[in-house]
Amino acid sequence: MNTTIMLFLVQDGITNGAIYALLGLALVLVFAVTRVILIPQGEFVTYGALTYASLAAGQMPGTAKLALALGIGAFVFDLFVARKALHGRLIVRSLVTNVVLPAIVLALTIYFAAQKPPVAVCIALSLVIVAMIGLYLYRIAFQPLAHTSVLVLLIASVGVHLALQGLGLLFFGAEGQRGPAVLSGAFTAGALRFTGQSITVYAITIAFIVGLWLFFGLTLYGKALRATAVNRLGARLAGIRTTLSGQIAFLLASVIGALSGIMIVPITTLYYDSGFLIGLKGFVAAIIGGLVSYPLTAVAALVVGIVEAFSSFYASNYKEVIVFMLLIPVLLLRSLAAPAVEEEKD
Amino acid sequence: MSALLSVADAHVAYGKVEAVRSVSLEVGANQIVTIVGANGAGKTTLLSAIMGILPLKGRVAFAGQDLSRLDIEDRVAMGLGLVPEHRELFVTMNVEDNLELGAFRIERSKAKASMERVYTLFPRLKERRKQLAGTLSGGEQQMLAMGRALMGEPKLLMLDEPSLGLAPIIVADIFRIVTELRAGGVSVLLVEQNAQAALKIADQAYVMELGEFVLSGKASDIAANERVAASYLGFQHEGASVL
Numbered sequence: 001m002n003t004t005i006m007l008f009l010v011q012d013g014i015t016n017g018a019i020y021a022l023l024g025l026a027l028v029l030v031f032a033v034t035r036v037i038l039i040p041q042g043e044f045v046t047y048g049a050l051t052y053a054s055l056a057a058g059q060m061p062g063t064a065k066l067a068l069a070l071g072i073g074a075f076v077f078d079l080f081v082a083r084k085a086l087h088g089r090l091i092v093r094s095l096v097t098n099v100v101l102p103a104i105v106l107a108l109t110i111y112f113a114a115q116k117p118p119v120a121v122c123i124a125l126s127l128v129i130v131a132m133i134g135l136y137l138y139r140i141a142f143q144p145l146a147h148t149s150v151l152v153l154l155i156a157s158v159g160v161h162l163a164l165q166g167l168g169l170l171f172f173g174a175e176g177q178r179g180p181a182v183l184s185g186a187f188t189a190g191a192l193r194f195t196g197q198s199i200t201v202y203a204i205t206i207a208f209i210v211g212l213w214l215f216f217g218l219t220l221y222g223k224a225l226r227a228t229a230v231n232r233l234g235a236r237l238a239g240i241r242t243t244l245s246g247q248i249a250f251l252l253a254s255v256i257g258a259l260s261g262i263m264i265v266p267i268t269t270l271y272y273d274s275g276f277l278i279g280l281k282g283f284v285a286a287i288i289g290g291l292v293s294y295p296l297t298a299v300a301a302l303v304v305g306i307v308e309a310f311s312s313f314y315a316s317n318y319k320e321v322i323v324f325m326l327l328i329p330v331l332l333l334r335s336l337a338a339p340a341v342e343e344e345k346d
Numbered sequence: 001m002s003a004l005l006s007v008a009d010a011h012v013a014y015g016k017v018e019a020v021r022s023v024s025l026e027v028g029a030n031q032i033v034t035i036v037g038a039n040g041a042g043k044t045t046l047l048s049a050i051m052g053i054l055p056l057k058g059r060v061a062f063a064g065q066d067l068s069r070l071d072i073e074d075r076v077a078m079g080l081g082l083v084p085e086h087r088e089l090f091v092t093m094n095v096e097d098n099l100e101l102g103a104f105r106i107e108r109s110k111a112k113a114s115m116e117r118v119y120t121l122f123p124r125l126k127e128r129r130k131q132l133a134g135t136l137s138g139g140e141q142q143m144l145a146m147g148r149a150l151m152g153e154p155k156l157l158m159l160d161e162p163s164l165g166l167a168p169i170i171v172a173d174i175f176r177i178v179t180e181l182r183a184g185g186v187s188v189l190l191v192e193q194n195a196q197a198a199l200k201i202a203d204q205a206y207v208m209e210l211g212e213f214v215l216s217g218k219a220s221d222i223a224a225n226e227r228v229a230a231s232y233l234g235f236q237h238e239g240a241s242v243l
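Sequence order for the protein chains is A and B.
Per the numbering used here, numbering of the first sequence is gapless, rising by one per residue and ending at 346.
Per the numbering used here, numbering of the second sequence is gapless, rising by one per residue and ending at 243.
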């Protein structure tokens, strides 16, 4: 094999790996804070990508309506839970965040979809729509189960994944879609050619990782999220609501998912069910990081991306198999390092 | 004057086993009230239930407001603080972050002053403010747990076995700080196995055995009662009048 091919493969692997890193970080975050293994992360990717592609093509994405429907559901949940102690401020606040907000976004989406909006508008709308879907899903599917076991949360997570995938087929059809590049143009450095899109991927990934690092290290809400992950009871005794932390975690995860989708869809054709496999590779990275370590997850994601690139070159039929086989030695090692089965504390 | 905290006819059960039966107690403003009793008497269970961690049957009111429908976080916001037996610190975060999060429900501008107050009470914490909570000694962790709870500006601080596993000199320090808190206007509900030390600083005391209060009254009276001391609290008076 010559060096040029190798460089190409590494470059390709790093581009994909960067996206897996973002997804893996989101998975670790959500698990640490809420104990939910976020299988629907892949759907956030597809929804973000296909909402963006639909808007750019001047079509109305069904996800905007889904956001409103879920928001109404979340509103009803809020009212039901607070039924014994309803007061005006609570109703208004819930109505604004769960119904008025998605209704405004839906109106904007209908308005813009009719006139092929510029790329920036498409991105903003897609991110907001998927972010709201993530937030309301937490309220409806996971918040009521917050005190149950990891297994129950996992089952709910699989259920949400299947439901979202089915809805994805309904909204976007079985056809694949591609979106316009966020940044067009390209330049060459030696043998390598960097497209505007791959530069965008690197830049956004690095910006997001730095942003998350600052958020967790410096802001009160970031620290509150970490605190909830470290010690749930301790956090509650400090007055930090577990539900607030869960909402922030899901909001971040859905934004990261949607953003990843928007970055991928100009490079690869995405179908309503493509997200699952992409999310799963982020999951492989997260598992290698033990679902706790952010740096290890990011590094593992790059390894996953590079292994994938090389295996698709040498044995493209087996590329998924090879990537997922990475898990076996890792799990073996981890099981040897920690032979005791961890019992759940709460 | 109505009490700051009043618990009436409280029952707490783990499944079918009642760990606390028909307990009533009151804590007034600027008071140290202690609950003493042997291991397994139900003291920790009672505190957890007052905080909202465990479900409680009966009436609990704080500052004149019924607590039954409020969850832990709301009770914290009302000024009820708990330093639990296991401290529940954020072990992978540093001392300062732990304290800052204690003031999560407090205005940012006030939090700064709160932190200075906590550092004045516990100068050791200031020395170690960049150290991870998990690497502190037991005594320092206890101070940090108390400091974190104080950052929320509680009107009533509930302390669960603050002396457990600590060296006598640190225990003395912590008990001294508890009396300083009272002087600063914070009431304290103190649960202790170390009855002798707790009774010395408390105003009122309750003796708990097998989930029930068997005795209550002024702390000095209970400490002075030789029969009580011997049968419930496991210590002997050296002379006729210790206090």
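No residue lacks a Cβ here, since even glycine has one placed at the ideal position from N, Cα and C.
message: Can you check whether the C-beta of Ile72/B is within less than 8 Å of a C-beta belonging to chain A?
response: By one-based count along the second sequence, residue 72/B stands at place 72. Chain A, which has a Cβ nearer than 8 Å to the Cβ of Ile72/B, makes this yes.
query: Which of the three DSSP states, helix, strand or coil, is assigned to Gln142/B?
result: The residue you call residue 142/B lines up with position 142 of the second sequence. It is helical.
task: Note down, in chain order, every chain A residue with its Cβ under 7 Å from the Cβ of Ser161/B.
output: Along the second sequence, read from residue 1 onward, the residue named residue 161/B stands at position 161. For the sequence presented, residue 161/B should be read as Glu rather than Ser. Near Glu161/B there are no residues of chain A at all, since even the closest Cβ is about 15 Å away, more than 7 Å.
query: In the structure shown, what three-state DSSP assignment does Ile245/B receive?
result: No answer is possible for residue 245/B: it lies beyond the span of chain B, which begins at 1 and ends at 243.
- prompt: From which residue to which residue does the beta strand (DSSP E) around Met93/B run?
  reply: As a position in the second sequence, residue 93/B is number 93, starting the count at 1. Premise fails: Met93/B is in no beta strand (DSSP E) and is neither H nor E.
message: Run through the DSSP bridge pairs and tell me what Leu32/B is partnered with.
response: Translated into the one-based positions of the second sequence, residue 32/B becomes position 32. According to the sequence provided, residue 32/B is Ile. The question's Leu does not apply to it. Answer by DSSP bridge pairing, in chain order: Val188/B.
- prompt: What does Ile240/A touch in chain B if you count any residue whose Cβ is under 8 Å from its own?
  reply: Locating residue 240/A in the first sequence gives position 240, where the first residue counts as 1. Those within 8 Å of Ile240/A in chain B are Glu73, Leu101 and Phe104.
query: Residue range of the beta strand (DSSP E) that Asp273/A falls in?
result: On the first sequence, position 273 is the one that residue 273/A refers to. It is not in any beta strand (DSSP E) - Asp273/A carries neither H nor E in the DSSP assignment.
task: May I ask which residues mark the beginning and end of the beta strand (DSSP E) holding Ser6/B?
output: In the second sequence, the residue the question calls residue 6/B occupies position 6. Where Ser6/B is concerned, the enclosing beta strand (DSSP E) stretches over Leu5 to Tyr14.
- request: Would you mind giving the Cβ-Cβ distance between Glu85/B and Leu25/B, rounded to the nearest angstrom? I have them listed as a contact below 8 Å.
  value: Position 85 of the second sequence, counted from the first residue, corresponds to residue 85/B. Position 25 of the second sequence, counted from the first residue, corresponds to residue 25/B. That belief does not hold up - the Cβ atoms of Glu85/B and Leu25/B are roughly 19 Å apart, past 8 Å.
task: Evaluate Phe80/A with the Cβ neighbour count: other Cβ atoms within 10 Å of its Cβ, from every protein chain shown; 16 or more gives buried, anything less gives exposed.
output: If you number the first sequence from 1, residue 80/A lands on position 80. Exposed is the call here.
task: Count the other C-beta atoms from every protein chain shown that fall within 10 angstroms of the C-beta of Glu342/A, then say buried if there are 16 or more, exposed otherwise.
output: By one-based count along the first sequence, residue 342/A stands at place 342. Caution is warranted here: a pLDDT of 49 is assigned to Glu342/A, below 50, making its placement in the model unreliable, and no coordinate value can be reported.
- prompt: Beta-carbon separation of Ala160/A and Pro40/A under 8 Å?
  reply: Looking up residue 160/A in the first sequence gives position 160. Looking up residue 40/A in the first sequence gives position 40. One detail in the question is off: residue 160/A reads as Val in this sequence, not Ala. Yes, they are a contact pair.
field: Length of the line joining the Cα atoms of Leu159/B and Ser216/B
entry: Counted from its first residue, the second sequence places residue 159/B at position 159. Counted from its first residue, the second sequence places residue 216/B at position 216. Leu159/B and Ser216/B: Cα-Cα distance of roughly 19 Å.
- prompt: So is Arg83/A in contact with chain B if we call contact Cβ pairs under 8 Å?
  reply: Position 83 of the first sequence, counting from 1, holds the residue named residue 83/A. Not an interface residue.
field: chain B contact for Gly139/A (CB, 8 Å cutoff)
entry: For this step, residue 139/A is matched to residue 139 along the first sequence. Note that residue 139/A corresponds to Arg in the displayed sequence, not to Gly. Chain B contact via Cβ: absent.
query: Using Cβ-Cβ distances below 9 Å, what residues of the segment 76-88 of chain B are close to chain A?
result: Val76, Ala77, Gly81, Leu82, Val83, Pro84, His86, Arg87 and Glu88
- prompt: Mind checking if Arg226/A is an interface residue toward chain B, Cβ cutoff 8 Å exclusive?
  reply: The count along the first sequence starts at 1 and reaches residue 226/A at position 226. For Arg226/A, the answer is yes, since a Cβ of chain B falls inside 8 Å of its Cβ.
query: Straight-line CA distance for Leu233/A to Ile240/A?
result: For the purposes of this step, residue 233/A is taken as residue 233 along the first sequence, with counting starting at 1. For the purposes of this step, residue 240/A is taken as residue 240 along the first sequence, with counting starting at 1. CA-to-CA, the gap between Leu233/A and Ile240/A works out to about 9 Å.
- prompt: Does the distance from the CB of Phe250/A to the CB of Gly71/A come in under 8 Å?
  reply: Within the first sequence, the letter at position 250 stands for residue 250/A. Within the first sequence, the letter at position 71 stands for residue 71/A. Against a cut-off of 8 Å, the Cβ pair of Gly71/A and Phe250/A comes out as no contact.
query: DSSP on Thr195/A, reduced to helix/strand/coil?
result: As a working note, residue 195/A is residue 195 in the first sequence. Note: Thr195/A maps to strand in three-state DSSP.
- prompt: Interface residues of chain C around Gly234/A at Cβ under 7 Å?
  reply: Within the model displayed, chain C is absent; protein chains A and B are what it includes.
message: Here's the rule I'm using: 16 or more other beta-carbon atoms within 10 Å means buried, otherwise exposed. How should Gly42/B be labelled?
response: Translated into the one-based positions of the second sequence, residue 42/B becomes position 42. So Gly42/B ends up on the buried side.
- request: Can you have a look at Thr63/A and say buried or exposed, based on whether 16 or more other CB atoms are within 10 angstroms of its CB?
  value: On the first sequence, residue 63/A is found 63 positions in, with the first residue counted as 1. Burial call: buried.
- request: From the DSSP output, in three-state form, read off Gln115/A for me.
  value: For the purposes of this step, residue 115/A is taken as the residue at position 115 of the first sequence. If DSSP states are grouped into helix, strand and coil, Gln115/A belongs with coil.
field: Identity of the residue in Phe90/B, Val83/B, Leu70/B and Met93/B nearest Ala82/A by Cα
entry: Taking the first residue of the first sequence as 1, we reach residue 82/A at position 82. Minimum Cα distance to Ala82/A is reached at Leu70/B.
task: Determine the DSSP secondary structure at Val214/B, reduced to helix, strand or coil.
output: The residue given as residue 214/B occupies position 214 in the second sequence. Here Val214/B sits in strand by DSSP.
message: If contact is defined by three or more beta carbon pairs under 8 Å, each pair taking one atom from either stretch, is the segment 86-106 of chain B in contact with the segment 117-129 of chain B?
response: yes
Backbone CA spacing between Thr4/A and Phe310/A [nearest angstrom]: If you number the first sequence from 1, residue 4/A lands on position 4. If you number the first sequence from 1, residue 310/A lands on position 310. Going by the C-alpha atoms only, they are around 13 Å apart.
task: Can you pull the chain B residues whose beta carbon is under 8 Å from the beta carbon of Lys223/A, in chain order?
output: The residue given as residue 223/A occupies position 223 in the first sequence. Here the neighbours are Met93, Asp97, Glu100 and Leu101.
field: Proximity below 8 Å, CB of Leu80/B to CB of Ala133/B
entry: Looking up residue 80/B in the second sequence gives position 80. Looking up residue 133/B in the second sequence gives position 133. Not a contact, by the Cβ cut-off of 8 Å.
task: Identify the contact partners of Arg129/B in chain A, using a Cβ-Cβ distance below 7 Å as the criterion.
output: Taking the first residue of the second sequence as 1, we reach residue 129/B at position 129. Residues of chain A passing the Cβ test: none, with the nearest at roughly 14 Å.
- prompt: Contact between the segment 196-203 of chain B and the segment 6-22 of chain B: three or more CB pairs below 8 Å?
  reply: no
- request: Kindly indicate which residue of Gly88/A, Met132/A, Pro117/A and Arg35/A has the alpha-carbon position closest to the one of Lys65/A.
  value: Taking the first sequence and counting its residues from 1, one reaches residue 65/A at position 65. The option with the nearest alpha carbon to Lys65/A is Met132/A.
message: Quick check on the burial criterion: 16 or more other C-beta atoms within 10 angstroms. Buried or exposed for Tyr206/B?
response: Position 206 of the second sequence, counted from the first residue, corresponds to residue 206/B. The residue in question, Tyr206/B, is buried, as its Cβ has 16 or more Cβ neighbours within 10 Å.
- request: Provide the residue span of the beta strand (DSSP E) that contains Ala337/A, from first to last.
  value: Here residue 337/A refers to the residue found at position 337 when the first sequence is read from its first residue. Not the beta strand (DSSP E): Ala337/A falls in the alpha helix (DSSP H), residues Leu327 to Ala337.
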